[in-house]
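Notes follow the structure.
Numbering (full-length UniProt numbering), first residue to last: 1 to 84.
See the structure below:
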């Protein structure tokens, strides 16, 4: 599959450049591959964070609509122990 790529020039602190070069060397990858990997990881992290925020909003909405539900931990433990 051919991915459409665009060229981008960025200015980074020297310490960041050093880190990227070291990471590329240690992983036997090109600097471009490392930048792509790091950017994609960050994008996935942001998407995951967005999902967690959405879950928190839904939890609060449910809590307001139906109140706090009692913990079912004790019931589950009793069922696991064969009690009914």
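All C-beta atoms in this analysis are idealised placements derived from N, C-alpha and C, irrespective of residue type, glycine included.
Could you spell out the range, first to last residue, of the alpha helix (DSSP H) harbouring residue i?
i, result
"residue 63", "31-66"
"residue 140", "Here the chain covers residues 1 to 84 and nothing more, so residue 140 does not appear."
"residue 4", "Segment: none, residue 4 is in no alpha helix (DSSP H) and carries neither H nor E."
Our contact map puts residue i next to residue j with C-beta atoms below 8 Å; I'd like the distance itself, whole angstroms only.
i, j, result
"residue 34", "residue 40", "Incorrect: roughly 11 Å between the Cβ atoms, too far for contact."
"residue 24", "residue 30", "6 Å"
What would DSSP say about residue i, mapped onto helix, strand or coil?
i, result
"residue 81", "coil"
"residue 27", "coil"
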